[in-house]
Amino acid sequence: MSHHGFGPDLAEVFGPSQQDGGPELVQLLTPEGERVHHPEFDRDFSAEELRGFYRDMVLTRRIDTEATALQRHGELGIWAQLLGQEAAQIGAGRALRPQDYVFPTYREHGVAYCRGVDPLNLLGLFRGVDHGAWNPNDNNFGLYTIVIGAQALHATGYAMGIQRDGDVGTGDPDRDAAVIAHFGDGASSQGDVNEAFIFAASYNAPVVFFCQNNQWAISEPIERQSRIPLYQRALGFGFPGVRVDGNDVLATYAVTQAALQRARDGQGPTFVEAYTYRMGAHTTTDDPTRYRLSDDVENWKLKDPIARLAAYLRRNGLAEDAFIDALKVEADELGHYLREGCKALKDPEALSMFDHVYAEETDEIAAQREGYAKYLASFEGSHA
Amino acid sequence: MSTTKITLAKGLNMGLRKAMEDDPKVLIMGEDVGKLGGVFRITDGLQKDFGEDRVIDSPLAESGIVGTAVGMALRGYRPVVEIQFDGFVYPAYDQIVCQVAKMSYRSKGRSKMPMVIRIPFGGGIGAVEHHSESPEAQFAHTPGLKVVACSNPVDGYWMIQQAIASDDPVIFLEPKRQYHADKAELDESATPDPLFTSRVVRAGTDATVLAYGPTVKTALKAAEAAATEGKSLEVIDLRTLSPLDMGPVFESVRRTGHAIITHEAHVNLGMGAEVSARIAEECFYSLEAPVLRVGGFDIPYPASRIEEDYLPDLDRVLDAVDRSLDF
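Just so you know, the sequences run in chain order X and H.
Residue 250 in our numbering sits at position 250 of the first sequence, and the numbers go up by one each step.
Add 1000 to a position in the second sequence, counting from 1, and you land on the number used in our numbering.
Put into structure tokens, the structure is as follows:
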């Protein structure tokens, strides 16, 4: 029965539950922390790798909670929270090789952490001291892109550059490179993302489209973006799509690593839909209680990516007290570093606003800088 | 000195070829630029000689073309993007003004955007809608972009190479009705004027006429006609719209006391408004009359059967000259 008269009821399309991701969901670790196996994407993880994932997720969550608190204290203008998406980001971030290149949206704090970007630089952007202080080429991690989905095209073009440099399919693991474009479910509606799919498919570009489907684009639910599961769209563009449990760091790692390797080998793009949930608000200015049910949030809490890996580690004797205690100290130190570092971030000099508008500065900009400098100087000593 | 007689289309084609020969990082991207050589044949023969990896036939998606060019530039390439017609640039507008224009600024100069976006612009070819527009003010209003317009074959040859060599993104406007119109002598051994400079193309003493792109020819015709009536018009080809090179303009207007600017774009908030304001700020006491603007009307580009009424022509320029001199 149609609930609005046009096409099937969305519940019929998606099934009664919006939360289990369906039978196609790739999972290696259940919400209860039980290791399960997958015919295509299974792999073994060493104890060290597993503890590493856990540490990464705990520290990433700490970055997020500290930043949220700093925003509440007025130290940041705004913050885009990632609470609940730690596994999706760490799984993807750890699957990258140094020569791979990341084109993030504005919520990729965990991926930034994996790439070695100082989290203080992320805070600077949201505090308003700059538009991103890290050098994209130091860590092959691009600046945050605020316009939804624009970076999917940049990633595709960059991947086409990698092709032209001959850095695809050579068989040399230190040379072959891939690009990953991060975006959310809302961006899947954007023209640029769809154009990126077309260009990537047409040129067989070595790019992985990594969509964190966190179910909500501010207040617009995924049902408002797509009548079919997002990963199925890839087929229409001519490349594979995979839906992975985005709250399962092992599965996200395994799937992303396979997609990146496919790209590096010259087999073209893959679309990875990391099925997850935004536990917090869209940003600190948002109020999700206006548009979603607390029942949903409570259900997703049971799928917490950190808790499930913790359960697995404990059950298998991989999280000794010493490891947990040391991690707690490390997280507290990180929190302290962020709190103190954030407050110490200096406002830029006013005249720096004129810098880098152009690579080759124009006389017009130089004259405006000079004029404003003179204007400012005219106040010196006048206020005493 | 050996010279060749070339059209604007040929000059641009030769300039692109030279830039590709000189720098293996130069790429051409766009719709139909490969086998077809572009709908205006500006890229004729380039894919044959430089291959499909350097002259890239694109899907029909302007945002995609510019957006992927951003990625190419970030990888160290120097993409030259062709937008097939002026009215088709708008689907790429977001990528151009939000991404291309701001990349240097937001990255503190770490990520340059050495990209050229070529746009055949203006009317007069009897085309259907969206094929005759003059969107230059939209881009000149955007910090981070540089905007230039060529008006003749020799400038076409030099300016396209200079734009490609620039580390900044350049919106490169080509007057499409001049592509195959007039021929000029090109001396490839000459030293060209720098890219971001305006140039006096006809000396005169009574009034200064400012133009760029397709209206330079109109202004020169007007100056010729005015001379038969004993009026001496100085004509300046602005060539660069952002940044504006106002030095030669101020010098000229201080001498003549009269300034008229003509362009095909709508007058309201067009380039003429900016040029006029700057002249007023700098040359106020030299002016004998208000700066006058002769442009397209503030209407969408009309159907082609009446485009001659929309486009500023010799008579409308001369009428403005008379109004200025009679003021």
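C-beta atoms are modelled at their ideal positions from N, C-alpha and C, and glycine is treated no differently.
query                                                                                                                                                                               : result
Counting beta carbon pairs with one atom in the stretch 1070-1087 of chain H and one in the stretch 154-162 of chain X, are three or more of them shorter than 8 Å?                 : yes
Taking only beta-carbon atoms, is F199 of chain X less than 8 Å away from chain H?                                                                                                  : yes
For M1159 of chain H, write down the residues that DSSP places opposite it in a beta bridge.                                                                                        : M1159 of chain H is not bridged to any residue.
What is the residue span of the alpha helix (DSSP H) that S1252 of chain H lies within?                                                                                             : G1247 to T1256
Between the alpha carbons of G241 of chain X and K303 of chain X, how many angstroms are there, rounded?                                                                            : 23 Å
Rounded C-beta distance between G268 of chain X and A205 of chain X? I'm assuming under 8 Å.                                                                                        : 7 Å
Who are the neighbours of P1153 of chain H on chain X, taking C-beta pairs under 9 Å?                                                                                               : Result: empty, since nearest Cβ-Cβ is about 26 Å, beyond 9 Å.
Which same chain residues, not among the five before or five after Y1212 of chain H, have their C-beta less than 7 Å away from its C-beta?                                          : A1149, S1151, D1237, L1238, R1239, L1241 and H1263
Counting contacts by CB-CB distance shorter than 8 Å, is C1283 of chain H in contact with chain X?                                                                                  : no
Could you please give me the residues that DSSP links to F1284 of chain H through a beta bridge?                                                                                    : Answer is none; F1284 of chain H lacks a bridge partner.
State buried or exposed for M353 of chain X, treating a residue as buried only when at least 16 other CB atoms are found within 10 Å of its CB.                                     : exposed
Consult DSSP for F379 of chain X and reduce its assignment to one of helix, strand or coil.                                                                                         : coil
Alpha carbon to alpha carbon, how far is A1207 of chain H from Y1285 of chain H?                                                                                                    : 15 Å
Indicate the three-state DSSP secondary structure (helix, strand or coil) for N214 of chain X in the structure shown.                                                               : coil
Within the same chain, show all residues whose beta-carbon is closer than 6 Å to that of R386 of chain X, passing over the 5 residues directly before and after it, in chain order. : No information on residue 386 of chain X is available, as it lies outside the stretch 1 to 384 that chain X covers here.
Should the stretch 1105-1119 of chain H be regarded as contacting the stretch 323-331 of chain X, the criterion being three or more beta carbon pairs within less than 8 Å?         : no
Beta-carbon within less than 7 Å of P16 of chain X's beta-carbon, same chain only, minus the 5 sequence neighbours each way: which residues are those?                              : In this prediction, P16 of chain X scores a pLDDT of 45, lower than 50, which makes its location untrustworthy; no coordinate-derived value is stated.
Looking at C-alpha atoms only, which residue of X:V249, X:A201, X:P98 and X:D347 is the closest neighbour of A177 of chain X?                                                       : X:P98
Which complete alpha helix (DSSP H) runs does the stretch 1106-1178 of chain H hold, if anything under 4 residues is left out?                                                      : 1136-1140 and 1153-1165
Check the Cβ-Cβ distances between A385 of chain X and every residue of chain H, and say whether any is below 8 Å.                                                                   : This structure gives no information on residue 385 of chain X, because the portion of chain X shown stretches from 1 to 384.
Report buried or exposed for A1223 of chain H, applying the criterion of at least 16 other Cβ atoms within 10 angstroms of its Cβ.                                                  : buried
Give, in chain order, every residue of the stretch 159-180 of chain X whose Cβ lies closer than 9 Å to some Cβ of chain H.                                                          : A159, M160, G161, I162, Q163, R164, D165 and V179
Measure how close the beta-carbons of S1304 of chain H and A1127 of chain H come, nearest whole angstrom, since I'm counting them as under 8 Å.                                     : 6 Å
So, with DSSP's three-state summary, where would you put R107 of chain X?                                                                                                           : coil
Looking only at DSSP bridge pairs, what is P39 of chain X linked to?                                                                                                                : Bridge partners of P39 of chain X: none, in fact.
With 8 Å as the threshold, decide whether the Cβ of Y1077 of chain H is near any Cβ in chain X.                                                                                     : yes
Please name the residue, chosen from X:H154, X:G280 and X:D42, that lies closest to A258 of chain X on a Cα-to-Cα basis.                                                            : X:D42
What does DSSP give as the partner residue(s) for F183 of chain X in the beta ladder?                                                                                               : X:C211
What does a CB cutoff of less than 6 Å around M1103 of chain H pick up in its chain, not counting 5 residues either side in sequence?                                               : S1111 and M1113
Could you tell me how far apart the beta carbons of A201 of chain X and F239 of chain X are, in whole angstroms, since I believe they sit closer than 8 Å?                          : 5 Å
Output needed for V1235 of chain H: all residues of its chain with C-beta closer than 6 Å, excluding positions within five of it in sequence on either side, in chain order.        : V1201, R1202, V1209, A1219, L1220 and A1223
Less than 8 Å between the C-beta atoms of L1036 of chain H and F1121 of chain H, yes or no?                                                                                         : no
Could you name the residues of chain H that V147 of chain X contacts, counting a contact when the two beta carbons are closer than 8 Å?                                             : D1094, C1098 and Q1099
Does V1216 of chain H come out as helix, strand or coil in the three-state DSSP assignment?                                                                                         : helix
Is it true that the CB of I1125 of chain H sits closer than 8 Å to the CB of E1082 of chain H?                                                                                      : no
Which of helix, strand or coil does DSSP assign to S46 of chain X?                                                                                                                  : coil
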